[in-house]
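In my numbering, the protein residues as written are 12 to 154.
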């Protein structure tokens with residue numbers, strides 16, 4: 012009987028030692044992150060923004076994904092050609108990190124993270140590809 016009691020006590024102690032402590036976050040504590048993005052896509056069409064009467068919206072196709080409208084108003088569009096593949100680069104913003112990385116998993120396309128974080132395309136360079144390789148990336152550096 013003493014052996015069984017001793018084994019149960021040791022087992023309970025071992026289970027208690029391996030239990031992870033839950034870290035509570037202070038709701039007043041702010042976490043900040045720098046957010047930027049770059050992605051590759053093929054421009055299918057340039058569309059007129061009805062507010063400015065300029066071709067500032069691009070209908071962009073991404074490899075094995077849907078088309079999205081991307082705002083190009085922050086860059087010079089004179090060199091852009093429909094049907095060519097480009098690498099798009101956004102500005103960098105500092106944001107309050109109000110969600111964790113699991114919640115960021117829904118940010119699966121450039122149009123979504125451009126909208127969510129208010130990022131603007133600031134550079135576009137022709138990409139030597141037929142659009143089959145799509146490099147997309149949302150960069151979040153938290154501190």
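Glycine included, C-beta positions come from ideal geometry on N, C-alpha and C.
Starting from the Cα of residue i, find the closest Cα among the options and give me that residue.
i          : options     : result
residue 75 : 128, 88, 52 : 52
residue 55 : 80, 48, 93  : 93
Tell me whether the beta-carbon of residue i lies closer than 8 Å to the beta-carbon of residue j.
i           : j           : result
residue 45  : residue 103 : yes
residue 105 : residue 42  : no
If you count every other CB in all the chains shown that lies within 10 Å of the CB of residue i, and 16 or more means buried, which is it?
i           : result
residue 58  : exposed
residue 32  : Residue confidence for residue 32 is low, a pLDDT of 43 falling below 50, so the modelled location carries little weight; the figure read from the coordinates is stated next. Result: exposed.
residue 63  : exposed
residue 122 : buried
residue 137 : exposed
residue 150 : exposed
If you follow the beta strand (DSSP E) that residue i is part of, which residue opens it and which one closes it?
i           : result
residue 132 : 132-137
residue 127 : Looking at the DSSP string, residue 127 is not in any beta strand (DSSP E); the run it does join, the alpha helix (DSSP H), is 121-128.
residue 10  : Residue 10 lies beyond the residue range present for the chain, which begins at 12 and ends at 154; the question has no answer from this structure.
residue 72  : 65-72
residue 90  : Looking at the DSSP string, residue 90 is not in any beta strand (DSSP E), and its letter there is neither H nor E.
Compare the C-beta of residue i against all C-beta atoms of chain C and say whether one is closer than 8 Å.
i          : result
residue 87 : The chain labelled as chain C is not found in the depicted structure, where only one protein chain is given.
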